[in-house]
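Asker: Just passing along the structure, written as structure tokens.
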Amino acid sequence: MTYTNFTVETDADGITLVTWDMPEKSMNVFTQEVMDEIEQIVDATVADSAVKGVVFTSGKSSFSGGADLTMIKSMFSMLAEEKARDPQAAAQKLFDAAGRMSWLWRKVETCGKPWVSAINGTCMGGAFELALSCHGRVAASSKSVKLALPEVKVGIFPGAGGTQRVSRLANTQDALQMMTTGQTLTPQRAKAIGLVHQVVEPGELITAAKQMIKDGLKPVAPWDEKGFKVPGGGIWTPASAQLWPAAPAILRRETAGNYPAALAILKCVYEGLQLPFDLGLKVEQRYFTEILQTTEAFSMIRSLFVSMQELGKGARRPAGIPKTEFKKIGVVGAGFMGASIAYVTAAAGIPVTLIDRDQEAANKGKAVSEKLVADSIGKGRMTKEEGVKLLSLITPTPDYAALSDASLVVEAVFEDRAVKKAVIEQVEAVIPETTVFASNTSTLPITGLAENSKRPDQFIGVHFFSPVEKMMLTEVILGEQSGDRALAVALDYVAAIKKTPIVVNDTRGFYVNRCVFRYINEAYDMLIEGVPAAMIENAAKMAGMPVGPLSLNDEVAVDLSQKIMKASIADLGPNAVKPEHMALIDQMVDVFDRRGRKNGKGFYEYPAKPAKKYLWPELKTLYPQKKAEEVDVNVLKQRLLVTIALEAARTMEEGIVTDPREADVGSILGFGFAPYTGGTLSYIDGMGVKNFVALCEKLAASYGPHFKPTELLKDMAAKGETFYGRFDPYGKVREAA
Ligand code: NAD
16 MTYTNFTVET
26 DADGITLVTW
36 DMPEKSMNVF
46 TQEVMDEIEQ
56 IVDATVADSA
66 VKGVVFTSGK
76 SSFSGGADLT
86 MIKSMFSMLA
96 EEKARDPQAA
106 AQKLFDAAGR
116 MSWLWRKVET
126 CGKPWVSAIN
136 GTCMGGAFEL
146 ALSCHGRVAA
156 SSKSVKLALP
166 EVKVGIFPGA
176 GGTQRVSRLA
186 NTQDALQMMT
196 TGQTLTPQRA
206 KAIGLVHQVV
216 EPGELITAAK
226 QMIKDGLKPV
236 APWDEKGFKV
246 PGGGIWTPAS
256 AQLWPAAPAI
266 LRRETAGNYP
276 AALAILKCVY
286 EGLQLPFDLG
296 LKVEQRYFTE
306 ILQTTEAFSM
316 IRSLFVSMQE
326 LGKGARRPAG
336 IPKTEFKKIG
346 VVGAGFMGAS
356 IAYVTAAAGI
366 PVTLIDRDQE
376 AANKGKAVSE
386 KLVADSIGKG
396 RMTKEEGVKL
406 LSLITPTPDY
416 AALSDASLVV
426 EAVFEDRAVK
436 KAVIEQVEAV
446 IPETTVFASN
456 TSTLPITGLA
466 ENSKRPDQFI
476 GVHFFSPVEK
486 MMLTEVILGE
496 QSGDRALAVA
506 LDYVAAIKKT
516 PIVVNDTRGF
526 YVNRCVFRYI
536 NEAYDMLIEG
546 VPAAMIENAA
556 KMAGMPVGPL
566 SLNDEVAVDL
576 SQKIMKASIA
586 DLGPNAVKPE
596 HMALIDQMVD
606 VFDRRGRKNG
616 KGFYEYPAKP
626 AKKYLWPELK
636 TLYPQKKAEE
646 VDVNVLKQRL
656 LVTIALEAAR
666 TMEEGIVTDP
676 READVGSILG
686 FGFAPYTGGT
696 LSYIDGMGVK
706 NFVALCEKLA
716 ASYGPHFKPT
726 ELLKDMAAKG
736 ETFYGRFDPY
746 GKVREAA
């Protein structure tokens, strides 16, 4: 029998090697066809008396990334269509679909012949669950082998037996920790907690897996043996009496109750461990069906899985332009941003010429990479050879002539129009016609900067976020005259350095900073109303934001806010900034010299480590304080999220952002907008535009006209539309088809 996605060979010892290698895919993923073929392989190997056991491995460098996004997408559209017709039947259908993988893995586990998974590379989600259902697990001892059940990060949980098997193999605390955080395990760690039997040299993987079968591996899972005991003794033990009452409280502290899937993991394990295995699987299937129907799961899968992959693969790249092979990138300005841009470029294997005003300044920029490399080697994340190679790719120099063969030049000099103008002219004097010029400006409109260029169609914005080596997002900004080729080259560059791009039209603050400043401004309003600062910061965390607005302002620098506010007033007139906000920030900077983390004094105090930062106690004295009981924390949460989402809606209305996927992904990767919502526009779609408009009106009545819903929102509410319906990102693809 031949298969599309697998090769199956049985050796002289009767051991069948199943190698998963999907044609025309860089990674193995689960599709309906793959699952059908696995089922056929189980049936065929059971029926063939010559087969003694099965080793299951991958023919690709990774094992498998888990489920295919098209399969998940089709599950959601099936649910939506069925629900409209017959909600009861829809739930049943979803229940069956949700259980398909779970019961197939159970079939592997109970087929009567030993299966061993030979894990040669990254093994995630459903693939790790398949491995867990095998009777033996051998993993290669390699940095590229990463094991995880990361489902919770996209709003679901390991629903193909993961919650039942992990909690019967590892102790409960490790099991809960691993699944509720979606953390990645090394093979060594997986072995230490009982999830893998052997870790061997990569070259010995298949031999070791076969040897397990030859050594008489029993084709029975531990929980199918009589007298099986859960590690640590299960639920009714003194240790569990300590663990279980605390577990939901710890989860609540970490997630503020915003992630139903994380709580479902606790329920599955707690209930499942008190039941026979098959019943445990059924409990898991029920919770999984329930979680799949939550707005959180739908929105998170769409933004954090589907859209993120689509944007990463160049969903917005203009067609018909050949992919750019980067022979060299020029970075001009080796300061805070430029130095790190050089690092991420070299880390992607691309040679970089790093230019500053003199050799010393350029060398200082390269020294940042030297430190990052030394840290990575120290932490075992990079070998010495990799570090030497990376550093050899960065050439610091003050000589612009070295840019003559660069495919792209990224400018990161001072945020000053005159300095940028001089640099644009100096660079264009040496680069060939085809080289694209990208500015990393954060506040100057690209169209205005492009006026200094002789070929504005080759001029574009590539806006990085700090810290560059950690932040996954890059905003690509189109000036009025930026051409398709410039966009294609910019997107190829962002893909090469493994970041996710969003494409944004030119505007003050672009997309991310426009939203971020709304968030910070709302906190200023709250402070001025006398809301205790700690309540503001806590409400933000409870709303799902990773960093409170005052803490964020300290990171950005309070004096930078002051500079931006003054520039806005100068450019747009006195109404551009609320006078109370300007007064607050002038006082912070000019009277108290509180500039943020960088001078150790901002909305927070920064004592010497290891002491933790704490809110500046004098904040209380700036405005008459409300008592905590006078403030409704739920309203604070709403205000912080709504003001950001409303700004995102405005950027769509103005045509700054044109694709809802970009608004959503940009908001999560750019400033951590409450990930459980799926992003700014999914937050609005998730509650319904009509409800959002009503909420805006309510907030506007109490907290100011900046909450007034826009014309677009009112129109959408009247028509019952969603952002993903009105600005359908797939419309163009469908039209083309
Ligand atoms: P920085 O002051 O740390 O670095 C600027 C560098 O440019 C300095 O090393 C300076 O010597 C060099 N420089 C100045 N004039 C030059 C010239 N004529 N030729 C060559 N080099 C020259 O500034 P930064 O924070 O890295 O910001 C750089 C750019 O990045 C700005 O446009 C800023 O708006 C933007 N940006 C900054 C951040 C941030 O968080 N700091 C984030 C996104 C974008």
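When you line the sequence shown up against my numbering, it's residues 16 to 752, in that order. C-beta: ideal position from N, C-alpha, C; glycine also.
Can you tell me whether Trp792 is buried or exposed, with buried defined as 16 or more other CB within 10 angstroms of its CB?
Answerer: Absent from the structure is residue 792, since the part of the chain shown begins at 16 and ends at 752.
Asker: Please classify Lys128: is it buried, with 16 or more other beta-carbons within 10 angstroms of its beta-carbon, or exposed?
Answerer: Looking up residue 128 in the sequence shown gives position 113. It is buried - the Cβ of Lys128 has at least 16 other Cβ atoms within 10 Å.
Asker: Identify which residue in Tyr745, Glu668, Val650, Gly685 has its Cα closest to the Cα of Ala715.
Answerer: On the sequence shown, position 700 is the one that residue 715 refers to. Considering only alpha carbons, the answer is Val650.
Asker: Could you give the distance in angstroms between the alpha-carbon of Tyr285 and the alpha-carbon of Leu587?
Answerer: For the purposes of this step, residue 285 is taken as the residue at position 270 of the sequence shown. For the purposes of this step, residue 587 is taken as the residue at position 572 of the sequence shown. Approximately 59 Å, taken between the alpha carbons.
Asker: Where do the ends of the alpha helix (DSSP H) carrying Asn568 lie?
Answerer: Against the sequence shown, residue 568 aligns to sequence position 553. From DSSP, the alpha helix (DSSP H) with Asn568 extends over 564-571.
Asker: Among Lys435, Ser468, Val442, which has the Cα closest to the Cα of Asn455?
Answerer: Taking the first residue of the sequence shown as 1, we reach residue 455 at position 440. Comparing Cα-Cα distances from Asn455 to each of Lys435, Ser468, Val442, the minimum goes to Lys435.
Asker: Indicate, with yes or no, if ligand 1 has a heavy atom lying under 8 Å from the CB of Gly151.
Answerer: The count along the sequence shown starts at 1 and reaches residue 151 at position 136. Checking the Cβ of Gly151 against ligand 1 gives no.
Asker: With DSSP as the reference, label Gly746 as helix, strand or coil.
Answerer: Taking the first residue of the sequence shown as 1, we reach residue 746 at position 731. It is helical.
Asker: In the DSSP output, what is His478 paired with across the bridge?
Answerer: In the sequence shown, the residue the question calls residue 478 occupies position 463. Beta-bridge pairing links His478 to Glu490.
Asker: Per DSSP, what kind of secondary structure is Thr695 in: helix, strand or coil?
Answerer: By one-based count along the sequence shown, residue 695 stands at place 680. In the structure shown, Thr695 sits in a helix (DSSP, three-state: H, G or I).
Asker: Give the range of the beta strand (DSSP E) segment to which Ile306 is assigned.
Answerer: For this step, residue 306 is matched to residue 291 along the sequence shown. Note, Ile306: premise wrong, no beta strand (DSSP E); alpha helix (DSSP H) at 292-307.
Asker: Pick helix, strand or coil for Arg152, following the three-state DSSP scheme.
Answerer: Stepping through the sequence shown from its first residue, residue 152 is reached at position 137. Strand at Arg152.
Asker: Quick one: is the Cβ of Arg529 within less than 8 Å of any heavy atom of ligand 1?
Answerer: Locating residue 529 in the sequence shown gives position 514, where the first residue counts as 1. No, the beta carbon of Arg529 sits no closer than 8 Å to any heavy atom of ligand 1.
Asker: Do Asp58 and Thr25 have their C-beta atoms within less than 9 Å of each other?
Answerer: As a working note, residue 58 is residue 43 in the sequence shown. As a working note, residue 25 is residue 10 in the sequence shown. Taking 9 Å as the Cβ cut-off, Asp58 and Thr25 do not qualify as a contacting pair.
Asker: For Lys399, which residues in the same chain have their Cβ closer than 7 Å to its Cβ, ignoring the five residues on either side in sequence?
Answerer: The sequence position of residue 399 within the sequence shown is 384, counting from 1. Around Lys399: Ile392.
Asker: Is Gln198 near ligand 1 - that is, is its Cβ less than 8 Å away from at least one heavy atom of it?
Answerer: In the sequence shown, counting from the first residue as 1, residue 198 sits at position 183. Checking every heavy atom of ligand 1 against the Cβ of Gln198, none is found closer than 8 Å.
Asker: Assign Val235 to buried or exposed, taking buried as 16 or more other Cβ atoms, counted over all protein chains shown, within 10 Å of its Cβ.
Answerer: Position 220 of the sequence shown holds residue 235. By the neighbour-count rule (16 or more Cβ atoms within 10 Å), Val235 is not buried but exposed.
Asker: How big is the Cα-Cα spacing for Ile344 and Val424?
Answerer: If you number the sequence shown from 1, residue 344 lands on position 329. If you number the sequence shown from 1, residue 424 lands on position 409. The straight-line gap from Cα to Cα measures roughly 6 Å.
Asker: Can you find the residues in the same chain that come closer than 7 Å, C-beta to C-beta, to Arg654, ignoring five residues on each side of it along the sequence?
Answerer: Here the question's residue 654 lines up with position 639 in the sequence shown. Answer for Arg654: Glu537, Leu714, Tyr718, listed in chain order.
Asker: From this set, Ala264, Glu712, Val648, which residue's C-alpha is nearest Ala558's C-alpha?
Answerer: Here residue 558 refers to the residue found at position 543 when the sequence shown is read from its first residue. Nearest C-alpha to Ala558: Val648.
Asker: To which residues of the same chain is Gly498 closer than 6 Å at the C-beta, ignoring the five residues directly before and after it?
Answerer: Counting from 1 along the sequence shown, the entry for residue 498 is found at position 483. Closer than 6 Å at the Cβ level, and outside the excluded window around Gly498, lie Asp472.
Asker: Do you know whose CA, among Val181, Thr195, Phe607, Thr458, lies nearest Asn273's CA?
Answerer: The count along the sequence shown starts at 1 and reaches residue 273 at position 258. Out of Val181, Thr195, Phe607, Thr458, Thr195 has the C-alpha closest to the C-alpha of Asn273.
Asker: Since Glu490 contacts Ile517 with CB under 8 Å, what's their CB separation in whole angstroms?
Answerer: Numbered from its first residue, the sequence shown carries residue 490 at position 475. Numbered from its first residue, the sequence shown carries residue 517 at position 502. Confirmed, Cβ separation roughly 6 Å.
Asker: Can we count Val445 as close to ligand 1, meaning its CB is less than 8 Å from some heavy atom?
Answerer: Translated into the one-based positions of the sequence shown, residue 445 becomes position 430. Outside the cutoff, so no.
Asker: Taking the alpha-carbon positions, what's the Lys734 to Lys513 distance?
Answerer: As a first step, residue 734 must be located in the sequence shown, where it is residue number 719. As a first step, residue 513 must be located in the sequence shown, where it is residue number 498. Between Lys734 and Lys513, the C-alpha separation is close to 39 Å.
Asker: Taking just the CA atoms, how far does Leu200 sit from Thr695?
Answerer: If you number the sequence shown from 1, residue 695 lands on position 680. If you number the sequence shown from 1, residue 200 lands on position 185. In a straight line, the C-alpha of Thr695 is about 31 Å away from that of Leu200.
Asker: At a cut-off of 8 Å, is Ile370 close to ligand 1 when judged by its beta-carbon and the heavy atoms of the ligand?
Answerer: If you number the sequence shown from 1, residue 370 lands on position 355. Checking the Cβ of Ile370 against ligand 1 gives yes.
Asker: Within 10 angstroms of the Cβ of Ala503, are there 16 or more other Cβ atoms? Answer buried if so, exposed if not.
Answerer: Here residue 503 corresponds to residue number 488 of the sequence shown, with the count starting at 1. That one is buried.
Asker: Nearest-angstrom Cα distance between Asp608 and Ala678?
Answerer: Start at 1 with the first residue of the sequence shown, and residue 608 comes out as number 593. Start at 1 with the first residue of the sequence shown, and residue 678 comes out as number 663. So the alpha carbons of these two residues sit roughly 35 Å apart.
Asker: Which of the three DSSP states is assigned to Leu661 in this structure?
Answerer: Your numbering for residue 661 matches position 646 in the sequence shown. DSSP places Leu661 in helix when its eight states are reduced to three.
Asker: Residues bridged to Thr22 by DSSP?
Answerer: Taking the sequence shown and counting its residues from 1, one reaches residue 22 at position 7. According to DSSP, Thr22 bridges with Thr34.
Asker: Counting C-beta neighbours from all protein chains within 10 Å, is the total for Leu145 16 or more, i.e. buried, or is it exposed?
Answerer: The residue given as residue 145 occupies position 130 in the sequence shown. By the neighbour-count rule (16 or more Cβ atoms within 10 Å), Leu145 is buried.
Asker: Asp69 and Val153: beta carbons closer than 9 Å?
Answerer: Mapped onto the sequence shown, residue 69 falls at position 54. Mapped onto the sequence shown, residue 153 falls at position 138. Checking the sequence, you will find Val at residue 69 rather than Asp. Contact: no.
Asker: Once DSSP output is grouped into helix, strand and coil, what is the label at Thr456?
Answerer: The sequence position of residue 456 within the sequence shown is 441, counting from 1. In this structure, Thr456 counts as coil in the three-state DSSP scheme.
Asker: Quick check on Lys469: buried or exposed, where buried means 16 or more other Cβ atoms within 10 Å of its Cβ?
Answerer: Indexing the sequence shown from 1 puts residue 469 at position 454. Exposed, by the Cβ-count rule.
Asker: As an exercise, report each continuous beta strand (DSSP E) stretch of at least 3 residues that is fully enclosed by the stretch 53-83, in chain order.
Answerer: DSSP runs (the beta strand (DSSP E)) wholly in the stretch 53-83: 68-73.
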